[in-house]
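Enquirer: Provided herewith is a single structure, encoded as structure tokens, for subsequent inquiry.
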Amino acid sequence: MKRNILTIGLTGFFLLLALAGCEKSITKPVPVEPLIQSIQGPDVVYTDSQTPIIIHADVTDPQGAADIKSVLYDLLDSSGVFASGSFYDDGANGDIIPRDGQFTGSFTGKEFAGHGPFAVLRLTALDEKNHASRPAEDTIRVKSGRPNALPDILSLVFPDSINLNTDSLFSVSAKLADPDGFSDLLGLDVQLFTSRSPVPSWEDTLLYNGRAGSGSLQDTLSTSIFKNKRGDYSFRFAALDKSGGRGAWVTRTVYVDKIVPNNPPVLSHLSAPDTISRTSGKQYILSVQVSDPQGLADIGQVYFNTYKPDGAPSGGNPFFMRDDGQKGDAVAGDGIYSAGISISSQNATGNYRFEFYAVDQSGAVSQPVIHIITVVP
12 MKRNILTIGL TGFFLLLALA GCEKSITKPV PVEPLIQSIQ GPDVVYTDSQ TPIIIHADVT
72 DPQGAADIKS VLYDLLDSSG VFASGSFYDD GANGDIIPRD GQFTGSFTGK EFAGHGPFAV
132 LRLTALDEKN HASRPAEDTI RVKSGRPNAL PDILSLVFPD SINLNTDSLF SVSAKLADPD
192 GFSDLLGLDV QLFTSRSPVP SWEDTLLYNG RAGSGSLQDT LSTSIFKNKR GDYSFRFAAL
252 DKSGGRGAWV TRTVYVDKIV PNNPPVLSHL SAPDTISRTS GKQYILSVQV SDPQGLADIG
312 QVYFNTYKPD GAPSGGNPFF MRDDGQKGDA VAGDGIYSAG ISISSQNATG NYRFEFYAVD
372 QSGAVSQPVI HIITVVP
């Protein structure tokens, strides 16, 4: 019993080897038919279209493009075939390069009239030995009328620069055209871009008012769209029609300026003695706090003038003060300006008038701070 099982097993094993050997000897047939790789054409055709409807087919053949003899087409509607013909690869009739495997068919809108709402284009390629490809099909929507012609911007008047201090509004003027007539115009799409973002920060549609049927559009925009920020901005404009068609975008750049008014420095917190003795022999430090709306860096000079008891100006005027942490100034760059003074027995007694001033980098002068120091014996 075991011997029979072994014999049967060996027989089955050799049978499998034989079948495996037969399988290796089987070869698949090499295809000879051409192949339509793709069809490229419009999704929609209009029956009153004035321009040719061009459709391309990419066809290959195992023996090369030269072996492709023809590409035949049928146009079908719900009732069956309503037109037949050929595509061409001759460098004419809409075809660009002859004998490159790119076949072209040219149609008119009238050929599709009465065959909507959908038509099917069926293509079959034949080689020189009349081997036929598998049919390839493309469905085309058929609409009556003609396609919407896109509007266009013929001219655009737009400012190169805008001043936020003086301009609250700015004007936009455009001359628009539409092959379907001025009555088809809707307006002008506008988009605003900052230099730091590809996404519009503001957009709107300026409506066409249709005055005199001239295609002229005029409107004003508020400078508030710049959010009170200076810099370079880009605008994009495109004509828009009532069918939803948008023409080519036109770009304009504008520089938005914001002039910050210059305000003078302000003096405060004067520190100075009220009385000085001629015999004290001391040096007195005068200091004053200086601020500037444009910042401490805008402060140019701080100084004081003195006037004697008889009203005559002192010969050393003006006396400059410092904020560098030296010669009596406590801390550099803190906005507190200082200067040291001393008197001798040669100074006349009486009331001396001190007038303190600050001047910024633009020449704007602060209001004076006046202080009287009395000199006593």
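Under my numbering, read the sequence shown as residues 12 to 388, first letter to last. Beta carbons are placed, not taken as given, at the ideal position from N, Cα and C, and that holds for glycine.
Does DSSP put Lys140 in a helix, in a strand, or in coil?
Expert: Stepping through the sequence shown from its first residue, residue 140 is reached at position 129. Coil at Lys140, not helix or strand.
Enquirer: Quick check on the burial criterion: 16 or more other C-beta atoms within 10 angstroms. Buried or exposed for Leu86?
Expert: On the sequence shown, residue 86 is found 75 positions in, with the first residue counted as 1. So Leu86 ends up on the buried side.
Enquirer: For the region 193-225, list the beta strand (DSSP E) runs that are entirely contained and at least 3 residues long, ordered along the chain.
Expert: The qualifying runs are 196-205, 213-218.
Enquirer: What is the DSSP secondary structure of Leu175, reduced to helix, strand or coil?
Expert: By one-based count along the sequence shown, residue 175 stands at place 164. Leu175: coil per DSSP, three-state reduction.
Enquirer: Quick check on this structure: which residue in Ile65, Gln312, Thr317 has the alpha carbon closest to the alpha carbon of Met332?
Expert: For the purposes of this step, residue 332 is taken as residue 321 along the sequence shown, with counting starting at 1. Checking every option, the nearest Cα to that of Met332 belongs to Gln312.
Enquirer: With a CB to CB cut of under 6 Å and the five nearest residues on each side skipped, what residues in its chain are close to Arg247?
Expert: Indexing the sequence shown from 1 puts residue 247 at position 236. Here the set comprises Gln202, Trp260, Thr262.
Enquirer: Is Glu44 helix, strand or coil when you go by DSSP?
Expert: To locate residue 44, count along the sequence shown from 1; it is residue 33. DSSP places Glu44 in coil when its eight states are reduced to three.
Enquirer: With H, G and I counted as helix, E and B as strand and the rest as coil, what does DSSP make of Phe118?
Expert: Taking the sequence shown and counting its residues from 1, one reaches residue 118 at position 107. Three-state DSSP puts Phe118 in a strand.
Enquirer: Determine the DSSP secondary structure at Thr62, reduced to helix, strand or coil.
Expert: The residue you call residue 62 lines up with position 51 of the sequence shown. Three-state result, Thr62: coil.
Enquirer: Provide the residue span of the beta strand (DSSP E) that contains Asp88, from first to last.
Expert: Taking the first residue of the sequence shown as 1, we reach residue 88 at position 77. First-last of the beta strand (DSSP E) with Asp88: 79-88.
Enquirer: Is Ser235 helix, strand or coil by DSSP?
Expert: In the sequence shown, residue 235 corresponds to position 224, counting from 1. Residue state, collapsed to three classes: helix.
Enquirer: With H, G and I counted as helix, E and B as strand and the rest as coil, what does DSSP make of Asp149?
Expert: Locating residue 149 in the sequence shown gives position 138, counting from the first residue. Three-state DSSP puts Asp149 in a strand.
Enquirer: Leaving out the 5 sequence neighbours to the left and right, which residues in its chain are closer than 6 Å to Pro329 when beta-carbon positions are compared?
Expert: Numbered from 1 along the sequence shown, position 318 holds the residue referred to as residue 329. Closer than 6 Å at the Cβ level, and outside the excluded window around Pro329, lie Tyr314, Asn316.
Enquirer: List the endpoints of the continuous beta strand (DSSP E) containing Gly351.
Expert: Residue 351 sits at position 340 when you count from the first residue of the sequence shown. Its beta strand (DSSP E) spans residues 347-352.
Enquirer: Looking at C-alpha atoms only, which residue of Thr62, Val56, Ala76, Ser117 is the closest neighbour of Tyr84?
Expert: Position 73 of the sequence shown, counted from the first residue, corresponds to residue 84. When only C-alpha atoms are compared, the closest one is Ser117.
Enquirer: Less than 8 Å between the beta carbons of Ala68 and Leu134, yes or no?
Expert: Your numbering for residue 68 matches position 57 in the sequence shown. Your numbering for residue 134 matches position 123 in the sequence shown. The answer is yes: Cβ separation under 8 Å.
Enquirer: Buried or exposed for Leu165, please, with buried defined as at least 16 other CB atoms from any protein chain shown within 10 angstroms of its CB.
Expert: As a first step, residue 165 must be located in the sequence shown, where it is residue number 154. Exposed.
Enquirer: Between Pro42, Val299, Lys253, Trp213, which lies nearest to Ser245 when the distance is taken from Cα to Cα?
Expert: Position 234 of the sequence shown, counting from 1, holds the residue named residue 245. Out of Pro42, Val299, Lys253, Trp213, Trp213 has the C-alpha closest to the C-alpha of Ser245.
Enquirer: What whole-angstrom Cβ distance do Leu199 and Ala124 have, given they're in contact under 8 Å?
Expert: Here residue 199 is taken as the residue at index 188 of the sequence shown, counted from 1. Here residue 124 is taken as the residue at index 113 of the sequence shown, counted from 1. 36 Å between Cβ atoms; not a contact.
Enquirer: Short of 7 Å in beta carbon distance, which residues of its chain neighbour Gly339, apart from the five on each side in sequence? Order them along the chain.
Expert: As a working mapping, residue 339 is identified with position 328 in the sequence shown. Correct list, in chain order: Ile296, Ser349, Ala350, Gly351.
Enquirer: Just how far apart, CA to CA, sit Ile270 and Asp178?
Expert: Counted from its first residue, the sequence shown places residue 270 at position 259. Counted from its first residue, the sequence shown places residue 178 at position 167. Rounded to whole angstroms, Ile270 to Asp178 spans 12 Å at the Cα level.
Enquirer: Under the rule that 16 or more other beta-carbon atoms within 10 Å means buried, what is Phe98, buried or exposed?
Expert: One-based indexing of the sequence shown puts residue 98 at position 87. The residue is buried, with at least 16 neighbouring Cβ atoms inside 10 Å.
Enquirer: Under a Cβ-count criterion, where at least 16 other Cβ atoms within 10 Å of its own Cβ denotes burial, should Leu307 be classed as buried or exposed?
Expert: Against the sequence shown, residue 307 aligns to sequence position 296. That one is exposed.
Enquirer: If you measure between the beta carbons of Ser172 and Ile47, is that distance less than 8 Å?
Expert: Translated into the one-based positions of the sequence shown, residue 172 becomes position 161. Translated into the one-based positions of the sequence shown, residue 47 becomes position 36. No, the pair does not count as a contact, with Cβ atoms beyond the cut-off.
Enquirer: Would DSSP call Ala68 helix, strand or coil?
Expert: Here the question's residue 68 lines up with position 57 in the sequence shown. The answer is strand: DSSP assigns Ala68 an E or B state.
Enquirer: Near Pro158, which residues of its chain fall below 8 Å by C-beta distance, leaving aside the five closest residues on each side in sequence?
Expert: Position 147 of the sequence shown, counted from the first residue, corresponds to residue 158. Excluding residues within five positions, the ones whose Cβ falls inside 8 Å are Val55, Tyr57, Ser60.
Enquirer: Determine the contact status of Val301 and Ile287, defining contact as a CB-CB distance below 8 Å.
Expert: For the purposes of this step, residue 301 is taken as residue 290 along the sequence shown, with counting starting at 1. For the purposes of this step, residue 287 is taken as residue 276 along the sequence shown, with counting starting at 1. No, the Cβ-Cβ distance between Val301 and Ile287 is not below 8 Å.
Enquirer: Taking the DSSP output, what are the residues bridged to Thr290?
Expert: By one-based count along the sequence shown, residue 290 stands at place 279. BP columns for Thr290 are empty, so no partner.
Enquirer: What beta strand (DSSP E) runs, 3 residues minimum, are completely inside the region 306-330?
Expert: 310-318, all fully within the region 306-330.
Enquirer: According to the neighbour-count rule (16 or more other Cβ atoms, all chains shown, within 10 Å of its Cβ), is Leu132 buried or exposed?
Expert: As a first step, residue 132 is located in the sequence shown; it is residue number 121 there, counting from the start. The residue in question, Leu132, is buried, as its Cβ has 16 or more Cβ neighbours within 10 Å.
Enquirer: On the CB-based measure, 16 or more other CB atoms within 10 Å of its CB, does Gln335 come out buried or exposed?
Expert: Locating residue 335 in the sequence shown gives position 324, counting from the first residue. In the sequence as displayed, the identity of residue 335 is Asp instead of Gln. Exposed is the call here.
Enquirer: Is the beta carbon of Pro45 less than 8 Å from the beta carbon of Asp111?
Expert: The count along the sequence shown starts at 1 and reaches residue 45 at position 34. The count along the sequence shown starts at 1 and reaches residue 111 at position 100. Result no, Cβ atoms of Pro45 and Asp111 do not sit closer than 8 Å.
Enquirer: Just confirm the distance between the C-beta atoms of Thr234 and Leu180, as a whole number of angstroms; I'd bet it's less than 8 Å.
Expert: Residue 234 sits at position 223 when you count from the first residue of the sequence shown. Residue 180 sits at position 169 when you count from the first residue of the sequence shown. Between Leu180 and Thr234 the Cβ distance is about 7 Å, and since that is below 8 Å, they are a contact.
Enquirer: Hey, how far is the Cα of Ile16 from the Cα of Pro146?
Expert: For the purposes of this step, residue 16 is identified with residue 5 of the sequence shown, where counting begins at 1. For the purposes of this step, residue 146 is identified with residue 135 of the sequence shown, where counting begins at 1. Note on Ile16: pLDDT 30, under 50, position unreliable in the model; no value is reported.
Enquirer: From Val210 to Ser282, what does the alpha carbon distance come to, in whole angstroms?
Expert: Numbered from 1 along the sequence shown, position 199 holds the residue referred to as residue 210. Numbered from 1 along the sequence shown, position 271 holds the residue referred to as residue 282. Distance between the alpha carbons of Val210 and Ser282 is about 56 Å.
Enquirer: Starting from the C-beta of Ile236, find all residues in its chain whose C-beta is less than 7 Å away, skip the five residues before and the five after it, and write them out in chain order.
Expert: Within the sequence shown, the letter at position 225 stands for residue 236. Same-chain partners within the cutoff: Leu203, Trp213.
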